[in-house]
Every structure is written in structure tokens, then in C-alpha cells.
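Peer 1:
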Amino acid sequence: MAAGKAAEDAAADYLLRQGLRPVARNWRCRGGEIDLIMRDGDVLVFVEVRARKDARFGGAAASITATKQARLLHAARLYLAGLGAPPPCRFDAVLFEGDRLVWLKDAFGESR
9 MAAGKAAEDA
19 AADYLLRQGL
29 RPVARNWRCR
39 GGEIDLIMRD
49 GDVLVFVEVR
59 ARKDARFGGA
69 AASITATKQA
79 RLLHAARLYL
89 AGLGAPPPCR
99 FDAVLFEGDR
109 LVWLKDAFGE
119 SR
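Just so we're aligned, residue 9 is where the sequence shown starts under this note's numbering, counting upward by one.
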């Protein structure tokens with residue numbers, strides 16, 4: 009699996025097949041970016057996509073550091089501030105290690 013756009017495309021396609029609906033992609037603000045924003049029923053899902061060739065050095069999951077999580081939380085707060093009534097939300101991660109895909113629901117965030 010190639011990094012970047014190809015990983016995001018594959019993640020979006022996978023999540024669509026799981027029944028999630030797209031809201032936004034590569035939503036940017038000062039200090040952060042959210043790869044995918046999707047709906048899972050009434051829940052707004054902020055998705056971080058990570059790709060690594062293999063699991064050496066902790067793999068894709070380990071690359072979502074505390075600093076990266078803080079940036080994602082900041083960006084999500086700004087996104088939610090633009091909504092009239094923020095819905096319930098969660099943070100998921102779609103991880104690629106080689107050609108293996110792992111979807112971690114509620115991977116991190118304020119609810120943990």
C-alpha cells in the first residue's frame with residue numbers, strides 16, 4: 009500500500025463499504041488536519057489514516073503520537089465549533105501495514 013492519497017482512498021472506500029457516509033476529506037485548519045470525516049449513523053467520525061510498510065518501530069498505530077492526537081483533537085474542536093449543535097463523535101484510525109488494513113474504532117480522544 010502506497011502512503012498518502014492512495015491510503016486515504018483505500019480507507020475511504022473500506023469505510024463506505026462498512027456503511028459510513030462521507031462528510032469531508034482533508035479538512036484543514038490552523039494547527040491540524042483531519043484525513044476523513046464520516047458519519048456512522050448519528051455519530052460523526054474523525055478518521056486518521058496511517059500507512060507503514062511493516063510493523064517495525066511500532067508500526068502504523070505507534071505513529072499516532074500524543075502530539076498528533078492533540079492536533080487532531082484541536083482540529084476536531086474547531087470543526088465542531090462550526091456546527092450548530094455538535095453530534096456525538098469519536099476518533100477512529102485506519103491503519104495499513106503493508107497490504108493489511110486495521111480499523112480501530114474509538115482509537116483515542118476525550119471519551120477514552
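Quick reminder that beta carbons are idealized off the backbone N, C-alpha and C, glycines included.
Could you have a look at residue 60 and say whether DSSP puts it in helix, strand or coil?
Peer 2: Of the three classes helix, strand and coil, the one that applies to residue 60 here is strand, per DSSP.
Peer 1: Identify whether residue 78 lies in helix, strand or coil by the three-state DSSP scheme.
Peer 2: Note: residue 78 maps to helix in three-state DSSP.
Peer 1: Compute the Euclidean distance between the alpha carbons of residue 51 and residue 86, then round it to the nearest angstrom.
Peer 2: Straight-line Cα distance between these residues: approximately 17 Å.
Peer 1: Would you report the Cα separation of residue 109 and residue 90, rounded to the nearest angstrom?
Peer 2: Taking the straight line from one Cα to the other gives about 32 Å.
Peer 1: Provide the residue span of the beta strand (DSSP E) that contains residue 29, from first to last.
Peer 2: That run of the beta strand (DSSP E) goes 29-37.
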